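Chemist:
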Amino acid sequence: MIDLHTWSLKMSQYDHTTGVFTKKPLSQRWHVLGDGSGVVQRDVYSAFLARCVISNTHHPSHIETMWAAQKPVLLQTGWLRSEPAKIEPSGKITVATPLEQVVCDRGFAIGHGLDAVAATREPGDPGGFALRTPCL
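Structure follows, in structure tokens:
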């Protein structure tokens, strides 16, 4: 287990393509990559950045190496979208971010399946099934 200083790392605000921290409202669920290469689901991107932290610091070269490996998987599952982005002269990036419902309607991502916990008959339950949660 590794302790991360989430307050100083600000993973939901960090953009590895620019190295800039940008505060966003909690309702903004998609992160527009600063280089205009697409949009990534905010929580998935924060988890990715957390995985890349070394000594409670963002290391752009390490993140870029990890990003190159994860980008195809994220594209395939729909958590990263290579939407065309328009960079205006003011520096503002405009991109159509997907609706959360679109991703939810897709169902399971490729490579994912139903919960590994199977439905089993509970003792004393003659007709019904109940889910059992394994001890972790």
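Its first residue numbered 132, the sequence shown is counted upward by one per residue in the working numbering.
Beta carbons: idealized from backbone N, C-alpha and C, even for Gly.
Treat the numbers as computed from the prediction; the structure is a model and nothing was measured.
#1: Can you give me the C-alpha to C-alpha distance between ALA199 and ASP166, rounded to a whole angstrom?
#2: Mind checking whether GLY169 and SER213 have CB atoms under 8 Å apart?
#3: Please state whether DSSP places GLN207 in a helix, a strand or coil.
#4: Please classify ILE194 as buried or exposed, where buried requires at least 16 other C-beta atoms within 10 Å of its C-beta.
#5: When the Cα atoms are used, what is the spatial distance from VAL175 to LEU211?
#6: Of the residues PHE179, ASN187 and THR153, which one's Cα is nearest the Cα of LEU140?
Modeler: Inspection of the coordinates gives the following:
#1: One-based indexing of the sequence shown puts residue 199 at position 68. One-based indexing of the sequence shown puts residue 166 at position 35. ALA199 and ASP166: Cα-Cα distance of roughly 15 Å.
#2: Translated into the one-based positions of the sequence shown, residue 169 becomes position 38. Translated into the one-based positions of the sequence shown, residue 213 becomes position 82. Yes, they are a contact pair.
#3: In the sequence shown, counting from the first residue as 1, residue 207 sits at position 76. In this structure, GLN207 counts as helix in the three-state DSSP scheme.
#4: Stepping through the sequence shown from its first residue, residue 194 is reached at position 63. It counts as buried.
#5: Within the sequence shown, the letter at position 44 stands for residue 175. Within the sequence shown, the letter at position 80 stands for residue 211. In a straight line, the C-alpha of VAL175 is about 9 Å away from that of LEU211.
#6: Indexing the sequence shown from 1 puts residue 140 at position 9. Closest by alpha carbon: ASN187.
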